[in-house]
Amino acid sequence: MMTGLIPLNRAASHPAIGIAYDALRKRVWRGALPAPLAHALEKRGGRWYFDRQKLDQLQPGEVWL
1 MMTGLIPLNR AASHPAIGIA YDALRKRVWR GALPAPLAHA LEKRGGRWYF DRQKLDQLQP
61 GEVWL
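For the sequence shown, full-length UniProt numbering begins at 1 and goes up steadily by one.
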């Protein structure tokens, strides 16, 4: 795994997100993420990742879904 990137299944437990993995996955596929989360999302090698540095800049609960 690349450093600085969090796989989608582990990002769901990040304090800034606060959502179950299945719900997060569905929102990613529908394109229904708040702007700060969408900005931190990247697709590499066919898998979705969040940039750890961008997520850590968000306040806990800032973009809870």
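Note that beta-carbon positions come from the ideal geometry of N, C-alpha and C, so glycine has one too.
Item to check | Alpha-carbon spacing of Ala12 relative to Gly46, whole angstroms | outcome: 18 Å
Checklist entry - So Pro36 is in the alpha helix (DSSP H); what residue range does that whole segment cover? => result Here the alpha helix (DSSP H) through Pro36 covers Ala35 to Ala40.
Item to check | For Leu5, three-class secondary structure by DSSP | outcome: strand
Item to check | Classification of Ala16 by the beta-carbon crowding that lies within 10 angstroms, buried from 16 upward | outcome: That one is buried.
Checklist entry - Apart from the five residues just before and just after Leu5, which ones in its own chain have a Cβ nearer than 8 Å to its Cβ? => result Glu42, Arg44, Tyr49, Phe50, Asp51 and Arg52
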